[in-house]
Amino acid sequence: MTDPTTSLAIPHNRLTFGDAESRAAAEAVASGQWAGGPRVQALERGLQHRAGRAHAIGVASGLAALRLGLKALGVAQGDEVIIPAYACVALANAVLALGASPVSADVAEDWNLDPRAVTAAHTDRTRAVIAVNTFGVPAAVARLRGASVSVIEDCAHGFGLATPTGVLGGRADVAVLSFHATKLLGAGEGGAVVTDRADAAEVLRAWRDYEDQPPDGTRLNDKLSDIHAAIALCQLERLDAMIAARAARAQRYQARLTPTAQRTGAFRLPPAPAPRIWYRYAIELTDRAAVEVVEAMRRFGVGAARPVTDWRLPGGRPCPVADRAYLRVVSLPLYPTLRDDEQDRVCEVLDAVLARPVRAHER
Ligand SMILES: *Cc1c(COP(=O)(O)O)cnc(C)c1O
């Protein structure tokens, strides 16, 4: 993302933090235990507890969590891993780093992996499936499990919420988190894996470090620092408040934008299953290209964004819903600190941009 979002009057992301994070980071520094210390362990206990799982292992990033999570599930050279065609490029990178092949399967109208597309993509080389709780909507993890294939629940956008199918982060063989600054739980950088499987936890603890091991090119130093862990733990303590604040902002968008969507037919509102986490408020344009609307809104100082960049290589299976998502989905600013006046401005600017006739090159 090369856009200077910070220069926008209303940025796409704004971090949520306060004295707790500042104090925790300062205390971690003052403690002299910057790595492998008690804060990593405290965060791991907190995540374990929140997901209702037996083990949590802090790592350096969400990508490291995916890579090591797949490795812990036995994914190796020559295997196939099914991933959503509309998702962060980190998923494909994690699979490729193990010498395995990412196989993209189409998403459904809620932008989550479509279980029917997963069945269609399945071969005798399929070893695992990665399901993302995209934008905070719970993925159909229960329907993807079984069939001798392990499932990873990617919780970078959605973690810790109780749902009828279990708590987000506690529904699959392995769940992964990213603590990159702009994620649901932000700490600058960092990640974690949560699992009930003792064998997977053991692999993860062994492989995040390279110390006292022979060189084999797979130990890439995936450890989490205590300074990042201290911040992530504060964010975890704020999680319920952040989820509630995000939901309140989303309700306000729904109330304001439902009549506009109905009157103009210019866009579809985000999927709103209950419960969900409102990590992103992503609308689908009807006949305009997202890139055009994003650029036009940015000229008014509003940080709209295309939330996912197309990473797919030519030659994959046809994924018409993902194609549409890449072309038409626009994410509006949504975070706990978004003020009412800012949100009103976002809606005004969206109205103004959509009121202009669609030109052929904008489709
Ligand atoms: C950001 C993200 C990742 C990767 O996390 P990093 O910490 O940036 O490596 C993985 N999956 C999803 C769904 C993400 O949004």
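Okay, so the sequence shown: first residue is 1 according to my numbering, each after it adds one.
Backbone N, C-alpha and C define an ideal beta-carbon position, used for all residues, glycine too.
Where residue i sits in the DSSP three-state scheme
| i | result |
| --- | --- |
| Thr2 | Confidence at Thr2 is low in this model, with a pLDDT of 43, below 50, so the placement of that residue is unreliable and no value is reported for it. |
| Ala284 | First, the amino acid is wrong: residue 284 is Glu here, not Ala. Glu284: strand per DSSP, three-state reduction. |
| Ala9 | coil |
| Thr134 | helix |
| Ile277 | coil |
| His55 | strand |
| Pro320 | helix |
| Ser104 | strand |
| Leu332 | strand |
| Asp340 | helix |
| Val358 | coil |
| Leu113 | strand |
| Ala85 | coil |
| Gly170 | coil |
| Asp212 | coil |
| Gly74 | coil |
| Ser178 | strand |
| Thr309 | coil |
| Glu189 | coil |
| Val149 | coil |
| Ser225 | strand |
| Ala162 | strand |
| Thr218 | coil |
| Ala290 | helix |
Residue i beta carbon near ligand 1 (any heavy atom closer than 8 Å)
| i | result |
| --- | --- |
| Leu168 | no |
| Gly160 | no |
| Ala56 | no |
| Glu189 | yes |
| His122 | no |
| Asp222 | no |
| Cys88 | yes |
| Val176 | yes |
| Asp173 | no |
| Leu354 | no |
| Lys183 | yes |
| His49 | no |
| Gly179 | Note that residue 179 is Phe in the sequence shown, not Gly. Under cutoff, so the answer is yes. |
| Val132 | yes |
| Gly62 | yes |
| His157 | yes |
| Leu204 | no |
| Asp405 | This structure cannot speak to residue 405, because the chain is shown only from 1 to 363. |
| Leu239 | no |
| Leu236 | no |
| Leu43 | no |
| Gly68 | A small correction: the amino acid at residue 68 is Leu; Gly does not occupy that position in the sequence shown. Flag unset: Cβ of Leu68 not near ligand 1. |
Burial state of residue i, where buried means 16 or more other Cβ atoms lie within 10 Å
| i | result |
| --- | --- |
| Gln77 | exposed |
| Pro102 | buried |
| Ala94 | buried |
| Arg359 | exposed |
| Gly190 | buried |
| Trp111 | buried |
| Glu348 | exposed |
| Trp207 | buried |
| Gln343 | buried |
| Leu63 | buried |
| Thr2 | Residue placement at Thr2 cannot be trusted, given a pLDDT of 43 that sits under 50; the coordinates are not used to answer. |
| Val308 | buried |
| Leu144 | buried |
| Gln126 | According to the sequence shown, residue 126 is Thr rather than Gln. Classification of Thr126: buried, given that the 10 Å Cβ count is 16 or more. |
| Gly303 | buried |
| Asn221 | exposed |
| Ala232 | buried |
| Glu211 | exposed |
Closest residue to residue i among the options (Cα-Cα distance)
| i | options | result |
| --- | --- | --- |
| Leu73 | Val358, Val176, Thr119 | Val176 |
| Thr260 | Asp340, Leu354, Ala322 | Leu354 |
| Gly186 | Ala51, Pro214, Thr16 | Thr16 |
| Phe135 | Ala274, Pro270, Glu211 | Pro270 |
| Ala156 | Gly316, Leu91, Ile227 | Leu91 |
| Ala117 | Gly37, Gly217, Ala108 | Ala108 |
| Ile277 | Val89, Ala162, Gly301, Arg23 | Ala162 |
| Asp196 | His49, Gly18, Ala25 | His49 |
| Ala241 | Arg23, Pro336, His361 | Pro336 |
| Ala85 | Val149, Val129, Lys183, Leu204 | Val129 |
| Val75 | Met297, Ser150, Pro357 | Ser150 |
| Thr218 | Glu237, Val294, Ala140, Leu98 | Leu98 |
| Tyr253 | Arg67, Glu292, Ala282, Val293 | Ala282 |
| Leu201 | Gly46, Gly69, Val346 | According to the sequence provided, residue 201 is Ala. The question's Leu does not apply to it. For Ala201, the nearest C-alpha among the options comes from Gly69. |
| Ala274 | Trp34, Phe159, Pro164 | Pro164 |
Residue i Cβ short of 8 Å to ligand 2 heavy atom set
| i | result |
| --- | --- |
| Leu91 | Ligand 2 is absent from the structure shown, which contains only ligand 1. |
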